[in-house]
Every structure is written in structure tokens, then in C-alpha cells.
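In the numbering used here, the protein residues as written are 3 to 449. Backbone N, C-alpha and C fix where the C-beta goes; we use that ideal spot for every residue, glycine too.
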């Protein structure tokens, strides 16, 4: 396993990168889109008493988790309350269907750029329907929340207008994300989530400062917790940057008087190709039964044995901070990492082996065809096992740190947030390096 070396750029290199071809315009464009996104997150829906929902969001795990991705827009009940969530959900669904539905798989593998455009169109259409569905659920929930709607507001007109506004807001956020991807720096969806997380950090800092003020023990606990977070960030960088290089060789070919090929290269397999997706899926899977059981626990169930069983599961198995919860959480992340790696196009041993055979390339010491497929399958299984274990450990660090130190005000900056922030930062650095390299080639061509 190898890790790509990173070094801190000099001041001269930073200014050189700023002047790189198109980089300045891309950075300014990205910044303007982010400002527009943050402005939209502050515009509330008409007829909403957002103070009621904000107080509820502060103590609800599900709403708090979703609010993290919207940069506080959900808690403020703004027109961007759904955030980038519908677009990401639609992207994940289409990506999963691509591995199942032959038509979508053919579009991705055989149709080239035209096929990818069709898949993008399917994703956008799915985003609209998901936004309408999520907006309807959200508004229905607000209707049942006492005091959340301003008195005298027509409920029917409020519902229709709010669903339209939320759907339009989600579509606008999707458009902003695609604009960043096409004309700005970085992946648009990840960038908007990154901005949303950063926007919530001052609130976490304020709560933590209030908690540890004038308390030496809590201040020491905070230093311990920050050390945990720093260790988690180091592990995330290693997970994101580490690759397994599989050497492949190409035989020499003589065409006329010239000899081609004969060199060696490698196939890079990332230690964590699935990124943060397994953690997001695992949290979503755990939150669903927690919500259902919480509702059933508060309901008036006439059968005492069933109610006792529900309370036992809520308090001892699915309760955050209990050992069974962490074991289930780790197991879900582990299994989902393997599942997500199995559907990624660049992690398919058979396809890779076939492509190597067609190009006349091979892995040294391994015959083309089935032996290459089996060898690649073993390699991918090993690195996926290491990546899944590492990702599970990283996901535990913030929760364990909160339990050890007793500081719960930083739980919003969990493993998902850390991985997104570090991943986006690394992606930005890599893209800036690409622009700097383009500038060097441009200067070389002008000489």
C-alpha cells in the first residue's frame, strides 16, 4: 500500500497557481455561487414560525443530520431547506440502478458521452420527483407541529405554495451544484455540503465555549477531544490518498522500422474508493428504525410485552452511546463499503482483466484471462477489507471521543463531516495542481 506524498506549496507557487490558466475565473465563479447559495439559505418560507422548528432541530438526531447537509437551511425552514439532499439521493439511486438495469448499464459503458448525458437527465428528473415527495413530507410534518405555522395562514394555500417553493429551491441548488462542477472548482454537490458544514462550525464553537468556560476539567477534556479529531483527520487523509499499485506490462510491437510498447505502468486502486457513502447509508439505515420505534414507544400500545420490547430496543440496542449500537454501526459501514465497491466500474476484476487482454497487457507472472480476474479479485478484496475496517474505525472516533470526554456539543462535526471536509479540501488542492501543471505546459509551448 502506498501513499501519495504531499508538501506545502511555497508563496511563489501559490501566486503562480493563482495566475494559472482559468484558475482565477473558476475560483471567483465558485465563490459567487457559494454566496448565492448562502443567501438563499436565509430566505424563509412564507407563513412559517421557524423558531419552533429550529428548537426542535437542535435536539433531533434525524433533523440535525439533514440540517448539516443544508447548512442550517432546514432548521431555518428556508426555500433551500431540502438543500442538495434530493440531488444526491437521486444520484445514488441512479448509480445503484446502473448496476442492475441493463439499459442504464449500456448507457454508461457503451454510449460514451451521449449516454452519460442521458443518465444525468434521468438524475435531474428523479431529483424533481424526490424534491416534491420530500417537500410534501416536510410540510405535512410542519402542519402537525404546534405553533410552526403562523396563525391565520390558509393551510391549503400554504401547503401548495410551500411544496412548490421547496421543490424549486432544490432544483435551483442542483443547478448551482452543476454550475460549480462545470465552470468552477471541485465537485459542486460536495462543495455545497462542505460550505454547509463550515457554516455550522461557529455555532458548535459557541456551544463548546459556553460549556468549557471556567471549568478546568472540561477544558482538558476539550483538548483530549481535539486530539481525537486530529487523529481522525490524519486517518482520513491516509484513507483518501493511499492507493495500491498493480503493475502491468505491455509487450513490444514492431510496426515497420519502429518498436512500440515494451513499457510498464500500473493500475491504481484506492484504499477508500467509496468515500463517505457507506457512512451516510449506515446512518440513514440506523435512523429509520430509531424513528419508527420512537414513534411506537410514545404511542399507546395496549399490549405491554410489545411496548416493553420496543423500549428495550430503544434504550439498549439502538441508543447512541451503547455498545450494541456501535457494533451495528460498524457492521453496516463494513458491509456497505464492500457493496459500494462491488458496483463501481473501476473496481470490476473481470472488466479490467478483459480490457488488459484486449490491449495485450498483463500482470507480471499471471496469465491473461481468468487467472488475472482471480488475482485482481483477491487484491481488490484485500484493499476493500482494509478500507472498510479503517472507515468503520474513523466513523467511531467522534462518538467515542464524545463519550470519553463528556463533550457533546461537537457531535455535529462527526465522521461524515470530517471526511467530506478533508475530501473536498484534497480535491481542491489536486485541481489547483492540475491548473498549475497546465500553466507550466502553456509556458513551455510559448518558448
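{"Asked": "Mapping the DSSP letters down to three states, classify residue 431 as helix, strand or coil.", "Found": "helix"}
{"Asked": "Examine the ligand SAM and report whether any of its heavy atoms sits within less than 7 Å of the Cβ of residue 222.", "Found": "No copy of the ligand SAM occurs in the structure displayed, which carries no ligand at all."}
{"Asked": "Would residue 173 and residue 141 qualify as a contact pair, given that the criterion is a beta-carbon distance under 8 Å?", "Found": "no"}
{"Asked": "Measure the alpha-carbon distance for residue 229 versus residue 222 and round it to whole angstroms.", "Found": "11 Å"}
{"Asked": "Is residue 92 closer than 8 Å to residue 83 when the C-beta atoms are compared?", "Found": "no"}
{"Asked": "Under 8 Å between the Cβ atoms of residue 199 and residue 422?", "Found": "yes"}
{"Asked": "What is the residue span of the beta strand (DSSP E) that residue 272 lies within?", "Found": "266-272"}
{"Asked": "Between which two residues does the alpha helix (DSSP H) harbouring residue 223 extend?", "Found": "218-243"}
{"Asked": "Taking residue 424 as the reference, give the member of 145, 197 and 100 with the closest Cα.", "Found": "197"}
{"Asked": "With a CB to CB cut of under 6 Å and the five nearest residues on each side skipped, what residues in its chain are close to residue 446?", "Found": "Note that residue 446 has pLDDT 45, beneath the 50 cutoff, so the model's placement of it is unreliable and no number is given."}
{"Asked": "According to DSSP, what are the bridge partners of residue 364?", "Found": "251"}
{"Asked": "Looking only at C-alpha atoms, which of 111, 160, 106 and 29 sits nearest to residue 348?", "Found": "111"}
{"Asked": "So residue 49 packs on residue 80, CB below 8 Å; how close in whole Å?", "Found": "That belief does not hold up - the Cβ atoms of residue 49 and residue 80 are roughly 13 Å apart, past 8 Å."}
{"Asked": "Where does residue 1 sit, in a helix, a strand or coil, going by DSSP?", "Found": "Nothing about residue 1 can be read from this structure; the chain reaches only from 3 to 449."}
{"Asked": "What residue range does the alpha helix (DSSP H) around residue 147 cover?", "Found": "Unbroken run through residue 147: none, as it is neither H nor E."}
{"Asked": "Buried or exposed: which applies to residue 342, given that a residue is buried once 16 or more other Cβ atoms fall within 10 Å of its Cβ?", "Found": "buried"}
{"Asked": "I want to know whether the stretch 168-188 touches the stretch 127-141 - three or more CB-CB distances under 8 Å.", "Found": "yes"}
{"Asked": "Relative to the C-alpha of residue 291, which residue among 313, 278, 276 and 277 is closest?", "Found": "313"}
{"Asked": "Quick check on residue 153: does DSSP put it in helix, strand or coil?", "Found": "coil"}
{"Asked": "Using 8 Å for Cβ pairs, my map puts residue 375 next to residue 340. What's the rounded Cβ distance?", "Found": "That pair is no contact at about 18 Å."}
{"Asked": "What are the complete alpha helix (DSSP H) segments, minimum 4 residues, inside the stretch 309-364?", "Found": "325-344 and 351-361"}
{"Asked": "Where residue 392 and residue 100 are concerned, what is the direct C-alpha to C-alpha distance, given to the nearest angstrom?", "Found": "27 Å"}
{"Asked": "For the alpha helix (DSSP H) that contains residue 376, what are its first and last residues?", "Found": "372-407"}
{"Asked": "Ignore the nearest five residues each way along the sequence and tell me which others in residue 105's own chain have a CB closer than 8 Å to its CB.", "Found": "none"}
{"Asked": "Do you know how far the Cα of residue 373 is from the Cα of residue 252?", "Found": "17 Å"}
{"Asked": "For residue 32, collect the residues of the same chain with a Cβ closer than 6 Å to its Cβ; drop the 5 residues on either side in sequence, then sort them by chain order.", "Found": "182, 186 and 187"}
{"Asked": "Sorted by chain position, which residues of the same chain lie with C-beta nearer than 6 Å to residue 367's C-beta, five sequence neighbours on each side aside?", "Found": "none"}
{"Asked": "Out of 144, 238, 432 and 189, point me to the one whose CA is closest to residue 399's CA.", "Found": "238"}
{"Asked": "When you compare the CB positions of residue 86 and residue 194, do they come within less than 8 Å of one another, or not?", "Found": "yes"}
{"Asked": "With respect to the alpha helix (DSSP H) encompassing residue 111, which residues constitute its N-terminal and C-terminal limits?", "Found": "104-111"}
{"Asked": "Helix, strand or coil for residue 276, going by three-state DSSP, please let me know.", "Found": "coil"}
{"Asked": "Taking C-beta to C-beta, are residue 284 and residue 334 nearer than 8 Å?", "Found": "yes"}
{"Asked": "Going by DSSP, which residues form a beta bridge with residue 185?", "Found": "Answer is none; residue 185 lacks a bridge partner."}
{"Asked": "In its own chain, which residues sit with a C-beta less than 6 Å from the C-beta of residue 107, not counting the 5 before and 5 after it?", "Found": "100"}
{"Asked": "Would you mind working out which of 363, 430 and 190 sits nearest residue 248, comparing C-alpha positions?", "Found": "363"}
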